[in-house]
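In my numbering, the protein residues as written are 611 to 1124.
Cβ atoms here follow ideal geometry from the backbone N, Cα and C, with glycine treated the same way.
Remember, predicted model here, so these are calculated numbers, not experimental data.
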Amino acid sequence: MTVSVCQQSRLTMLKLLQAVFFLLLLQLSSAVSKKSWRSSRGSPQPRRGSTQPASGREKGDTGGVAEESFSLDFTAVESNMDDFMTQVKNLAQSLYPCSVQKLDENMKLHFLENTSVTCNDGTPAGYYLKESKGSKRWLLFLEGGWYCFNKENCDARYNSMRRLMSSNEWAPTRTGTGVLSSQPEENPHWWNANMVFIPYCSSDVWSGSSMKSDKYGYAFMGALIIEEVVKELVNKGLDSAKVLLLAGSSAGGTGVLLNMDRVADQLQAMGLQGIQVRGLSDSGWFLDNKQYRRTDCIDSITCAPTEAIKRGIRYWNGIVPKGCRQQYKEGEEWNCFFGYKIYPTLRCPVFIVQWLFDEAQLTADNVHLSGQPVQEGQWTYIQNLGRELRSTLKDVSASFAPACLSHEVITRSHWMEIQVKGTSLPRALYCWDRSLHDNNKPGRAPIKGCPVHLIDSCPWPHCNPTCPTIRDQYTGQEMNVIQFLMHMGFDVQKMAQQQGVEPNKLLGMLSSGS
């Protein structure tokens, strides 16, 4: 029944589109005839070099379409236009469910044709793909999930998180969410792109290039997996793309920074110079700072980030981009895994999304916010972390950094709700897209009210009122920002005294996100 209704609606829409096309042709031929008739009667001609803006478009904004030399006159059909547009709107609404009814199976699993490029355990690597015929935009997403850096902690990872090291249990389909969603209301600017989700099964921050061996017991081929996926997609339509957005969260976000210039080089070597490669790094901008409390380097949770990456890059035979590698001596390539160090060396444009109080960063720094309220030293450490991270982002041209305690966002259901200075993340990404598009058009003025550098200035975790909901780990109850700060041991009286305000005023400022 649904199919017949959809087919009927599509046929009706086709007839309406044919009708409007016919009307436009009539109006166009009528306008041309009038223009020719006036020219033959000797009407004044426009001065050479002058242009008249197309009807209904602001001067200077052609949306990438050549301006008309004369305006179209719809006077003859004005009386019926409202009814016509109402019909089109109703039909569009009826067709929308037809286009999304099978979205729960919209990304299909493809294993790599090159079977020598594998997951950690030697099972075939692969990717999920939803093609969008006619779209010139491709979004490739790198999954996150920490890493391991020696035989012992890789064995432990294999026993507890096997899906991040093996493809044996991958589902045949995936549903895209957030920036991978095919629904306009969830993903307003990228919903119609070709979507590719690349599962993380290499445990190497997408940098490894070593095959499975008896010595190590595992393969680490993250960088090679990306190369193979790009190679296969070229035969599926990527060769005609205009934009390739390499996106990723957590370890995938760091993987974006490590691989986007390499992807651009790969496409260029294949003769595809016309594809613009861009990056979107979510929660992958880590700091190589000192831990709050130093512990023995046992696994990726307890080990200091710098030490873990130093060990890992040797274990994985990790690859870093040429531009960053040239900045450091041999043996110091680990520096390229930290955002603020690799960013100045990158050629492709990248948008950085980073929580100022990232939970993974705090975990790596041995600050654990569960159970007992934090001590004063921890609270000071957390505030300093926010200041340090904010400082490293000051020269990043495109960034979105809310003062929240969280991790990952671009594939989460609440990704549209977070705002920094009144601008949502999807809006900021749209503004960034437009700025890159307009940069290729000399004389194009930047769009007003369309910021791309958005960093919260308030100093505490969750002082931004649009931060994701916090829940008490033990009771499961939601907490507002004041309850959360008190739960963490926040001393309202003391902090009010330090800030030189009354306690009630401070609480009001916290509630409003000031």
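| Item | Value |
| --- | --- |
| Between Leu966 and Leu1039, what straight-line distance do the alpha-carbon atoms span, to the nearest angstrom? | 18 Å |
| To the nearest whole angstrom, what separates the beta carbons of Tyr953 and Val1006, a pair I think is in contact under 8 Å? | 6 Å |
| DSSP state of Trp965, grouped into three classes? | coil |
| How many angstroms separate the CA atom of Ser679 from the CA atom of His1047? | Only weak support is given to the placement of Ser679: the predicted model assigns it a pLDDT of 29, under 50, and the value that follows is read from those uncertain coordinates. Computed Cα separation, rounded: 24 Å. |
| Whole-angstrom Cβ separation of Cys811 and Ser859, contact assumed at under 8 Å? | Their Cβ separation, rounded to whole angstroms, is 16 Å, which puts Cys811 and Ser859 out of contact at 8 Å. |
| Would you mind giving the Cβ-Cβ distance between Ile1028 and Leu1003, rounded to the nearest angstrom? I have them listed as a contact below 8 Å. | That pair is no contact at about 16 Å. |
| Assuming Trp816 contacts Leu882 under a Cβ cut-off of 8 Å, what Cβ separation, rounded to an integer in Å, is found between them? | Actually they are not in contact, since the Cβ atoms of Trp816 and Leu882 sit about 21 Å apart, beyond 8 Å. |
| Out of Met771, Lys822, Thr728, Gly996, state which residue places its alpha-carbon closest to the alpha-carbon of Val839. | Thr728 |
| At what residues does the beta strand (DSSP E) containing Met831 begin and finish? | Premise fails: Met831 is in no beta strand (DSSP E) and is neither H nor E. |
| Got a sec, what are the start and stop residues for the beta strand (DSSP E) Gly889 sits in? | 886–892 |
| For Gly674, I'd like the list of residues in its chain whose CB is within less than 7 Å of its CB, leaving aside the five on either flank, ordered along the chain. | Bear in mind that the predicted position of Gly674 carries a pLDDT of just 36, short of 50, making it too unreliable to give a figure here. |
| Check whether the Cβ of Lys920 lies closer than 6 Å to any heavy atom of the ligand NAP, and answer yes or no. | As presented, the structure is devoid of all ligands, the ligand NAP included, so that no description of it is given. |
| Report yes if the CB atom of Gly818 is closer than 7 Å to the CB atom of Thr864, and no otherwise. | no |
| Reducing DSSP to helix, strand and coil, say where Ser777 ends up. | coil |
| Smallest Cα separation from Tyr902: which of Gln971, Ile885, Gly928? | Gln971 |
| Let me know if Ala861 comes out buried or exposed under the rule of 16 or more other beta-carbons within 10 Å of its beta-carbon. | buried |
| Give me the Cβ distance between Asn763 and Asp909, rounded to the nearest whole Å; I'm assuming they're in contact under 8 Å. | 4 Å |
| Does the Cβ of Ala676 have 16 or more other Cβ atoms within 10 Å, making it buried, or fewer, making it exposed? | With a pLDDT of only 34 at Ala676, under 50, the local geometry of the prediction cannot be trusted, and no value is derived from it. |
| Rounded to a whole number of angstroms, what is the C-alpha to C-alpha distance between Lys1115 and Gly922? | 49 Å |
| With 16 other CB atoms within 10 Å as the buried threshold, where does Glu986 fall? | exposed |
| In terms of residues, what are the limits of the alpha helix (DSSP H) holding Gly1032? | Note, Gly1032: premise wrong, no alpha helix (DSSP H); not H, not E. |
| Assuming Asp898 and Thr912 make a contact with CB atoms under 8 Å, what is their CB distance in whole Å? | About 16 Å; that fails the 8 Å criterion. |
| Using alpha carbons as the reference points, say which of Ile929, Leu856, Phe948, Cys1073 lies closest to Trp800. | Leu856 |
| Within its chain, find whatever has a CB closer than 7 Å to the CB of Asp968; leave out the 5 residues flanking it on each side and keep chain order. | Ser893, His1017 |
| So, helix, strand or coil for Arg903, using DSSP? | coil |
| Cβ of Thr1021 within 7 Å of Cβ of Gly788? | yes |
| Can you find the residues in the same chain that come closer than 8 Å, C-beta to C-beta, to Arg935, ignoring five residues on each side of it along the sequence? | Glu943, Cys946 |
| Helix, strand or coil for Gly755, going by three-state DSSP, please let me know. | coil |
| Please work out which residues of its chain come closer than 8 Å, Cβ to Cβ, to Val710, disregarding the five sequence neighbours upstream and downstream, and give them in chain order. | Legend: pLDDT at Val710 = 45, less than 50; position of this residue unreliable, value from coordinates given subsequently. Correct list, in chain order: Ser792, Gln793. |
| Roughly how many angstroms lie between the CA atoms of Trp748 and Lys718, to the nearest whole one? | 15 Å |
| Over what stretch of residues does the alpha helix (DSSP H) that includes Gly1156 continue unbroken? | Because the chain is modelled from 611 through 1124, residue 1156 falls outside the range shown and cannot be assessed. |
| Assign Met805 to one of three DSSP states: helix, strand, or coil. | strand |
| Between the C-alpha atoms of Lys743 and Asn804, what's the straight-line distance to the nearest angstrom? | 8 Å |
| When you compare only the Cα positions, how much space is there between Arg1045 and Pro734? | Before going further, note that residue 1045 is Ser rather than Arg in the sequence given. Ser1045 and Pro734: Cα-Cα distance of roughly 39 Å. |
| Reducing DSSP to helix, strand and coil, say where Ala1011 ends up. | strand |
| Any idea what DSSP makes of Tyr1040, helix, strand or coil? | helix |
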